[in-house]
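Shown next, in structure tokens, is the structure this report addresses.
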Amino acid sequence: MKLEEIDVESTHIAEISNIFETLSLTYAAHNDGSELLKKIENAYSHYRQMDLPQTREEFENRAGLFQVLQLLELLIQEKNTFALSQTNNAS
Numbered sequence: 003m004k005l006e007e008i009d010v011e012s013t014h015i016a017e018i019s020n021i022f023e024t025l026s027l028t029y030a031a032h033n034d035g036s037e038l039l040k041k042i043e044n045a046y047s048h049y050r051q052m053d054l055p056q057t058r059e060e061f062e063n064r065a066g067l068f069q070v071l072q073l074l075e076l077l078i079q080e081k082n083t084f085a086l087s088q089t090n091n092a093s
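FYI, the numbering for the sequence shown is 3 to 93, going by our numbering.
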């Protein structure tokens, strides 16, 4: 599934959009990504509280957003691990 194929209401994508914006502004060697990981956890909480999808299409679109969120979380977790290893090596 491509991002262009995900068709959701703006309220569903606002949190992920905010995470991408923060990522673009803060992704640097000295940043451990902890702020982004908190935002991702907040997004998970938000999605858990939402009403369940009513149609198959809505379900598939939300599943696509969830996959994007999971992949983004993996990227930031790797960034966090790397940043912490650099801090430990510098000590």
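Cβ coordinates follow ideal geometry from the N, Cα and C atoms, glycine included.
The structure displayed is predicted, hence computed values, not measured ones.
Buried or exposed: where does residue i fall if 16 or more other Cβ atoms within 10 Å of its Cβ makes it buried?
{"i": "Glu23", "result": "exposed"}
{"i": "Leu38", "result": "buried"}
{"i": "Glu17", "result": "buried"}
{"i": "Ala30", "result": "exposed"}
{"i": "Ala45", "result": "buried"}
{"i": "Lys41", "result": "buried"}
{"i": "Asn20", "result": "exposed"}
Run through DSSP, which three-state label would residue i get?
{"i": "Gly35", "result": "coil"}
{"i": "Tyr29", "result": "coil"}
{"i": "Leu54", "result": "coil"}
Flag this pair as yes or no: are the beta carbons of residue i and residue j separated by less than 7 Å?
{"i": "Gln34", "j": "Asn90", "result": "Looking at the sequence itself, residue 34 is Asp, so the reference to Gln does not match. Cβ atoms of Asp34 and Asn90: not closer than 7 Å."}
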